[in-house]
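Comments concern the structure below.
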Amino acid sequence: MVADYDEQKITAKGQIKPGKNGKSHRQASFGANFAEVAVHKVTGEIRVRRMTGAFAAGRILNHKTATSQCYGGMVFGIGSALMEQVIHDKRDGRLCNHDLAEYHVPVNADVPQLDVILVEEDDPYTNPMHIKGIGETAISGAAAAIANAIYNAVGVRVYDFPITLDKLLYEMPE
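Per numbering that gives the first Met the number 0, the very first residue in the sequence shown carries number 0; after that it's consecutive.
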């Protein structure tokens, strides 16, 4: 596909200089995730017991939907940390787990107590409404918080997500 466009080059150039335009484009949202897990000593089964997230995203227009976005991001983080994995057939590259029967995502029983703290901030340099995005902020640190909680529980650091039983047991001392 790229070869078809080899002769046609697409380029773009832009910049934001300090001043009025530069100040109106600061959109960084900030957040922190905390997780508590239980890891069974013998089987290595991991259960997320509790998660708390604190997120600052400028002026919050609708607390209910902002909180729901954060809940969704934290649940997505549970899936990323512990279950969601795309598996390809090594022979032909096709997906082996192409449906929800094979591609595991968190269900209600996998989701612990979730607490969301929304930190309102007035950042006049974002935009005229002083708002920022919040949807992905909750996702970013959730999986890392779970991985750190597992490390604190058993003293084993697994770097390859999802953290499955085989990966954890392989690293655990006898």
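We put the beta carbon where it would ideally sit given N, CA and C, even for glycine.
Quick caveat, the model's predicted, so the values are computed rather than measured.
Judged by DSSP secondary structure, V41 falls outside any beta strand (DSSP E); it is assigned neither H nor E. In the DSSP annotation of this structure, the continuous segment of the beta strand (DSSP E) that includes F54 starts and ends at I45 to A55. Closest in C-alpha terms to E135, from the list T10, K8 and F29, comes F29. Around the beta carbon of K89, fewer than 16 other beta carbons lie within 10 angstroms, which makes this residue exposed.
Exposed is the label assigned to Q112, since fewer than 16 other Cβ atoms lie within 10 Å of its Cβ.
Here Y70 has L113, V115 and A137 as same chain residues with Cβ atoms under 8 Å from its own Cβ, once five neighbours each way along the sequence are excluded.
V104 sits in coil when the DSSP states are folded into three classes, being neither helix nor strand.
Counting along the chain, I116 sits inside no alpha helix (DSSP H); it lies in the beta strand (DSSP E) bounded by residues Q112 to V118. Under the three-state reduction of DSSP output, E135 falls in the coil class, being neither helix nor strand. When the five nearest sequence neighbours on each side are left out, the beta carbons in the same chain lying within less than 8 Å of the beta carbon of E83 are those of Y102, H103, V104 and P161, in order along the chain. Scanning I59, A65 and N107 for the CA closest to the CA of R46 turns up N107. The three-state reading of DSSP puts A80 in helix, counting H, G and I together. The beta-carbon distance between F33 and A143, rounded to whole angstroms, is 11 Å. This is too long to meet the 8 Å contact definition. Per DSSP, the continuous alpha helix (DSSP H) segment holding K166 begins and ends at L164 to E170.
For D121, the CB contacts under 7 Å within the same chain, skipping 5 residues up- and downstream, are R58 and H129 in chain order.
Under the three-state reduction of DSSP output, V36 falls in the strand class. The three-state secondary structure of H62, taken from DSSP, is helix.
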